[in-house]
Amino acid sequence: MIIMIAAVAENSALGKDNNLLWHLPSDFKRFKEITSGHHIIMGRKTFESFPKPLPNRTHIVISRQKDYLPEGCIVVENLEKAIAICPKNEDSFIIGGGQIYLESIPLADELDITRVHHSFEADVYFPEIDSEIWELTSEIFNPKDDKHLYEYTFQKYTRKK
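Residue 114 in this note's numbering sits at position 76 of the sequence shown, and the numbers go up by one each step.
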């Protein structure tokens with residue numbers, strides 16, 4: 039199954055200047071639990087926003103740069119090749135950035151969204167989640183606390199049949 043996973047603000051903001059706009063430790067922990075042991079697909083800029091490759095995951099980086107070869111990663115030139123590399127009988131995760139999300143939303147089976155209940159100034163946005171195509175199947179609300187400056191909700195969408 040192809041699953042898009044993202045933390046998205048109320049105004050669909052994802053990031054600015056290749057950085058996240060918020061810090062939600064519970065979301066980072068959940069992301070690690072869900073994606074560990076799986077293939078993760080991302081654009082070059084998303085990969086470069088990490089201090090180092092994420093442990094226990096197979097990184098597939100999409101880049102048009104022919105000489106781009108980060109250590110420990112599989113590099114392909116488009117989304118179709120990235121998906122083709124992933125095992126068909128396992129979940130694979132698309133983790134960003136904005137252009138990769140836009141290209142992959144027609145191909146995804148599920149959306150795993152952390153909805154951050156705030157609006158932010160951004161330069162990268164998540165595509166519209168069309169209610170004619172996607173059904174919200176679960177929600178878990180999380181209040182703000184001493185470690186989380188914003189309320190947020192874990193949302194799961196599945197593609198309507």
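Here a beta-carbon is modelled for each residue, glycine too, at the ideal position from N, C-alpha and C. Fair warning: this is a prediction, and the values are worked out from it, not measured in the lab.
Asked, Found
"If we ignore side chains and look at the alpha-carbon of each, how far apart do Phe179 and His186 end up?", "13 Å"
"I need the straight-line Cα distance from Met42 to Ser142, nearest angstrom please.", "8 Å"
"Work out the CA separation of Glu173 and Asp105 for me, nearest whole Å.", "41 Å"
"Tell whether a beta-carbon distance below 8 Å holds between Pro181 and Tyr139.", "no"
"Hey, how far is the Cα of Val99 from the Cα of Ile171?", "27 Å"
"For Ser130, which residues does DSSP report across the bridge?", "Ile40, His77"
"CA-CA distance, Gly134 and Met80?", "5 Å"
"What are the residues that DSSP puts in a beta bridge with Glu141?", "Answer is none; Glu141 lacks a bridge partner."
"If we ignore side chains and look at the alpha-carbon of each, how far apart do Thr84 and Leu59 end up?", "14 Å"
"Please go through the same chain and pick out, in chain order, the residues whose beta-carbon is closer than 6 Å to the beta-carbon of Ser87, but skip the five residues on each side of it.", "Asn56"
"Three-state secondary structure (DSSP) at Gly53?", "strand"
"Looking only at C-alpha atoms, which of Ser176, Phe69, Asp147, Thr96 sits nearest to Lys199?", "Asp147"
"Is Asp55 close to chain E, meaning its C-beta is less than 8 Å from at least one C-beta of that chain?", "Annotation note: the requested chain E is absent from the structure, which comprises a single protein chain."
"Please state whether DSSP places Lys211 in a helix, a strand or coil.", "In this structure the chain extends from 39 to 199, so residue 211 is not present and cannot be described."
"On the CB-based measure, 16 or more other CB atoms within 10 Å of its CB, does Leu107 come out buried or exposed?", "exposed"
"Looking at the unbroken beta strand (DSSP E) that takes in Phe179, where does it start and where does it end?", "172-180"
"Taking the CB atoms as reference points, tell me whether Ala160 and Ala51 lie closer together than 8 Å.", "yes"
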